[in-house]
Amino acid sequence: MESPAANSPDGPAGERAGTEFDLSTGVIDFKVRERRSELLKYGCEVAAVGRRYRDTHDKVFGFSMRRVLSALQPDLIPDYLRFESELDAIREESRRIEHDIDHSGLEDLPRRAKTPLAFRDGLLQYARAVADAAANLQGLCRCLRRESLGEAEFADYSEERLRHDRADYDASLQEYMRWGTRLTELSEKL
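Numbering (the working numbering), first residue to last: 99 to 288.
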């Protein structure tokens, strides 16, 4: 009896050729890897926006601390308008990423994939936290800019209302940091 041709579906003992390979544990499930890659891609995008926000936060409060020294250096005036513009761009980018994640098809991950599901949900929460923190910081910058321009209703903003607005901002900053920590933990398990 002659052996089956190389491209024949039948193996030497009449069994289907390739069956063992198809069921092998060595077969890579590319769909799962594709989903994981997609999650990581969104993670990188939102982390980049988070870094931009953190850098802007550092610049704003670096300038704010220098306000105390403004009597010594009256020519030092922070460019709050530039910060407002950057924070607006950060907020919009965060919202875009959130929208992209919501419409990426990642909502149909299997329920047994607890870590990828938690990571996806964490990405959404982190994107929202970055957007909220950026919006609150943008509001602070806007009010400080208007105070520095001498607008009557903002004349004593940094002495009267800044404390209240800063408390609101601090709450959103804590949320940003909390979700950043959570995503770091989840990414190590992904």
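All C-beta atoms, glycine included, are put in the ideal place defined by N, C-alpha and C.
Treat the numbers as computed from the prediction; the structure is a model and nothing was measured.
Here LEU284 is not near TYR224, since their CB atoms are 8 angstroms or more apart. For GLY278, the closest C-alpha among the options GLU249, PRO214, VAL228 is that of VAL228.
In this structure LEU221 is in contact with GLY141, their Cβ atoms being roughly 6 angstroms apart against a cut-off of 8 angstroms. The Cβ atoms of SER246 and TYR151 lie no closer than 8 angstroms to each other.
Each of ASN234, ARG244, GLU249, ASP254 was checked against the Cα of LEU271, and the nearest Cα belongs to ASN234.
Counting of Cβ neighbours within 10 angstroms places ARG133 among the buried residues, the total reaching 16 or more.
For LEU271, the enclosing alpha helix (DSSP H) stretches over residues 260-287. Buried is the label assigned to GLU184, since at least 16 other Cβ atoms lie within 10 Å of its Cβ.
Excluding residues up to 5 positions away in sequence, GLU143, VAL144, ALA225 lie with their Cβ nearer than 6 angstroms to the Cβ of ILE195 in the same chain. Each residue's CA atom was taken as its position, placing HIS197 and GLU191 some 10 angstroms apart. Between the beta-carbon of ARG240 and that of GLU286 there is about 38 angstroms, and that puts the pair past the 8 angstroms contact cut. When DSSP states are grouped into helix, strand and coil, ASP254 belongs to the coil group. The three-state secondary structure of ASP198, taken from DSSP, is helix. Of the other Cβ atoms in all chains shown, fewer than 16 fall within 10 Å of the Cβ of GLY248; this residue is therefore exposed.
Taking 8 angstroms as the upper bound for CB-CB distance, GLY237 and ASP219 are not in contact here, some 27 angstroms apart. Under the DSSP assignment, LEU235 falls in the alpha helix (DSSP H) whose first and last residues are 212-246. If you draw a straight line from the Cα of ALA231 to the Cα of TYR274, it comes to about 7 angstroms. Between the alpha carbons of ALA216 and LEU288 lies a gap of roughly 10 angstroms.
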